[in-house]
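Undergrad: Per my numbering, the sequence shown starts with residue 1, numbered consecutively.
One structure coming up, written as structure tokens, with questions to follow.
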Amino acid sequence: MRESAVRESERLLERYDATSAAHPALAARLAPLRSAVAAHAAALAPLPPTAARTPGAGSAEGSAAPAPSGTPAASAEPVPPKAEDALTALADAERSLAEARTVALGGAPGELARLLASVAACGAVHAHLLTSTPGATP
1 MRESAVRESE RLLERYDATS AAHPALAARL APLRSAVAAH AAALAPLPPT AARTPGAGSA
61 EGSAAPAPSG TPAASAEPVP PKAEDALTAL ADAERSLAEA RTVALGGAPG ELARLLASVA
121 ACGAVHAHLL TSTPGATP
């Protein structure tokens with residue numbers, strides 16, 4: 001279950017990279033959200049047996065992978081040509097993954113369930129941020 005969650009986060013990272021590459025004007029807006037998704041992937045990654053026994057191991061601090069340079073990995077979904085549509089597609093991906101993780105909570109052991117709940121909540125917030133107007137007042 002944990003490995004699947006990591007793969008799903010990695011696919012979401014690919015979507016962020018593809019969207020930033022297709023719409024460079026969105027890169028700064030997407031960077032903090034992409035960084036959070038990278039931190040989620042790192043937090044979800046299984047710890048090696050020796051790291052699991054080391055105090056303080058598994059901290060996500062400093063583990064967020066930087067955006068890769070060069071051409072992003074091919075994403076399963078093409079990036080829409082209009083920036084607004086690209087943001088909506090990314091928000092839909094975040095929302096869908098957050099919902100899937102919420103459903104998975106019932107079958108997850110305690111610690112993983114708490115982590116999945118936190119990551120799902122972040123995904124829901126990301127979906128909102130991706131579809132809201134930056135700087136708008138509620």
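Even glycine gets a Cβ: it sits at the ideal position worked out from N, Cα and C.
In this text the structure is predicted, and so the values were computed from the model without any measurement.
DSSP state of L26, grouped into three classes?
TA: helix
Undergrad: For L97, does the count of other Cβ atoms within 10 angstroms reach 16, so buried, or fall short, so exposed?
TA: Note on L97: 16 or more other CB atoms within 10 angstroms of its CB, so buried under the neighbour-count rule.
Undergrad: Could you check if D17 is buried or exposed, using at least 16 other CB atoms within 10 Å of its CB as the buried criterion?
TA: buried
Undergrad: For T102, collect the residues of the same chain with a Cβ closer than 7 Å to its Cβ; drop the 5 residues on either side in sequence, then sort them by chain order.
TA: A120
Undergrad: Using the three-state DSSP reduction, which class does P32 fall into: helix, strand or coil?
TA: If DSSP states are grouped into helix, strand and coil, P32 belongs with the helices.
Undergrad: Please return the same chain residues whose Cβ sits closer than 6 Å to the Cβ of E94, not counting the five positions on each side in sequence.
TA: A distance below 6 Å between beta-carbons, with the five flanking residues on each side excluded, links E94 to the following residues of its chain, in chain order: G123, H126, A127.
Undergrad: Counting only the same chain and skipping the five closest in sequence on each side, list residues whose C-beta sits under 7 Å from that of L13.
TA: The answer, listed in chain order, is R34, V37, A38, A41.
Undergrad: On the three-state DSSP scale, how would you describe G47?
TA: According to the sequence provided, residue 47 is Leu. The question's Gly does not apply to it. Coil.
Undergrad: Leaving out five residues on either side along the sequence, give the residues of the same chain with a beta carbon under 6 Å from the beta carbon of H23.
TA: A83, A86
Undergrad: Closest by CA to S154, which one among P134, L130, L90, T131?
TA: Outside the shown range of the chain, which is 1 to 138, sits residue 154, and nothing can be said about it.
Undergrad: Could you check if R114 is buried or exposed, using at least 16 other CB atoms within 10 Å of its CB as the buried criterion?
TA: exposed
Undergrad: Hey, would you say R15 sits closer than 9 Å to E77, going by beta carbons?
TA: yes
Undergrad: Taking Cβ to Cβ, would you say R2 is nearer than 9 Å to P48?
TA: no
Undergrad: For A5, I'd like the list of residues in its chain whose CB is within less than 6 Å of its CB, leaving aside the five on either flank, ordered along the chain.
TA: L44
Undergrad: Assign T19 to one of two classes, buried (16 or more other C-beta atoms within 10 Å of its C-beta) or exposed (fewer than that).
TA: buried
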